[in-house]
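Participant: The structure is given below, and queries will be raised subsequently.
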Amino acid sequence: MKTIVCRIDRCLACRSCELACVVAHSKSGNLADAMREPERPAPRVRVRAADKKGDGVRPRSKAVQCRQCANAACIEACGVSGAIRRDEVTGVIMIDPEQCTGCWACELACPHGAILRSKDGRYAIVCDRCGDRDVPACVEACLAEALVLKGTDSKGPSGRKQ
């Protein structure tokens, strides 16, 4: 299973990962058009403060997205059978927006704060690892290489081809 890790010492809080996620999940597939779409998707990654330490100029930050936990508390907390499940082929945790009731038990159960709300607040969303891509959009967009894709053989620490 591929895992996305954020190296806090490299994160610049530029939010390129958030923009790349929106574009990757948009209908248009490009930034300018994605921002004008009537149903613009919410990013499945969020940049948050990591702690109060830092370099004396700014606090450290980190990109937070689903860590695809082996014993996922979100799946256990979900009261709707099948709304949150692990894909049998990829192992990626998925949320079905049609089945999700928006009770937010999964959000409360997630120890990483990685369960997010859809733009309209009706259902939960989670990082899907950009299932149709070899490298998730957030990792590819991170110019500081703070986001690292682990668990691949033919790519370097950033997930980019070497």
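Residues in the sequence shown are numbered from 2 upward in steps of one, following the working numbering.
Note that the Cβ used here is the ideal one computed from N, Cα and C, for glycine as well.
Keep in mind the model is a prediction, meaning the values are calculated, not measured.
#1: Since I believe I76 is in contact with R86 (beta carbons under 8 Å), could you give me their beta-carbon distance rounded to a whole number of angstroms?
#2: Under the DSSP definition of a beta bridge, which residues are partnered with T4?
#3: Quick check on the DSSP output: the alpha helix (DSSP H) that includes I96 runs from which residue to which?
#4: Span of the beta strand (DSSP E) holding I85?
#5: V23 by DSSP, collapsed to three states: which one?
#6: Once the 5 residues before and after S155 are set aside, which same chain residues still bring their CB inside 6 Å of it?
#7: Assign V81 to buried or exposed, taking buried as 16 or more other Cβ atoms, counted over all protein chains shown, within 10 Å of its Cβ.
#8: Pick helix, strand or coil for V48, following the three-state DSSP scheme.
#9: State the DSSP-derived secondary structure class of A125, mapped to helix, strand or coil.
#10: Give a yes or no on whether the C-beta atoms belonging to A115 and S62 are separated by under 9 Å.
#11: Please work out which residues of its chain come closer than 6 Å, Cβ to Cβ, to C12, disregarding the five sequence neighbours upstream and downstream, and give them in chain order.
#12: I need the straight-line Cα distance from L109 to T4, nearest angstrom please.
#13: Give a yes or no on whether the C-beta atoms belonging to V6 and C139 are separated by under 9 Å.
#14: On the DSSP letters alone, give me the boundaries of the alpha helix (DSSP H) that V140 sits inside.
#15: Within its chain, find whatever has a CB closer than 7 Å to the CB of D10; leave out the 5 residues flanking it on each side and keep chain order.
#16: Contact defined as beta carbons within less than 8 Å: I believe E126 pairs with A43. What is the distance between those atoms, to the nearest angstrom?
Facilitator: Let's see:
#1: One-based indexing of the sequence shown puts residue 86 at position 85. One-based indexing of the sequence shown puts residue 76 at position 75. With a Cβ gap of about 7 Å, R86 and I76 count as contacting.
#2: Counted from its first residue, the sequence shown places residue 4 at position 3. Looking at the DSSP assignment, T4 forms a beta bridge with K151.
#3: Reading the sequence shown from its first residue, position 95 is the one you call residue 96. Premise fails: I96 lies in the beta strand (DSSP E), 94-96, not in any alpha helix (DSSP H).
#4: Here residue 85 refers to the residue found at position 84 when the sequence shown is read from its first residue. Per DSSP, I85 belongs to the beta strand (DSSP E) from 85-87.
#5: Working through the sequence shown from its first residue, we reach residue 23 at position 22. Reduced to three states, the DSSP call for V23 is helix.
#6: On the sequence shown, position 154 is the one that residue 155 refers to. In this prediction, S155 has a pLDDT of 40, which is less than 50 and means its spatial position is unreliable; nothing more can be read from the coordinates.
#7: Sequence index remark: in the sequence shown, residue 81 carries index 80 (1-based). It counts as exposed.
#8: Mapped onto the sequence shown, residue 48 falls at position 47. Here V48 sits in strand by DSSP.
#9: Here residue 125 refers to the residue found at position 124 when the sequence shown is read from its first residue. Of the three classes helix, strand and coil, the one that applies to A125 here is strand, per DSSP.
#10: Here residue 115 refers to the residue found at position 114 of the sequence shown. Here residue 62 refers to the residue found at position 61 of the sequence shown. No, Cβ-Cβ distance for A115 and S62 is not below 9 Å.
#11: Taking the first residue of the sequence shown as position 1, residue 12 is located at position 11. Within the same chain, C12 has close Cβ partners S62, K63, A147.
#12: In the sequence shown, counting from the first residue as 1, residue 109 sits at position 108. In the sequence shown, counting from the first residue as 1, residue 4 sits at position 3. About 22 Å.
#13: If you number the sequence shown from 1, residue 6 lands on position 5. If you number the sequence shown from 1, residue 139 lands on position 138. No, they are not a contact pair.
#14: For this step, residue 140 is matched to residue 139 along the sequence shown. Where V140 is concerned, the enclosing alpha helix (DSSP H) stretches over 138-142.
#15: Stepping through the sequence shown from its first residue, residue 10 is reached at position 9. Excluding sequence neighbours, D10 sits near nothing in its chain.
#16: On the sequence shown, residue 126 is found 125 positions in, with the first residue counted as 1. On the sequence shown, residue 43 is found 42 positions in, with the first residue counted as 1. Before going further, note that residue 126 is Ile rather than Glu in the sequence given. Indeed they touch by this definition, with Cβ atoms about 6 Å apart.
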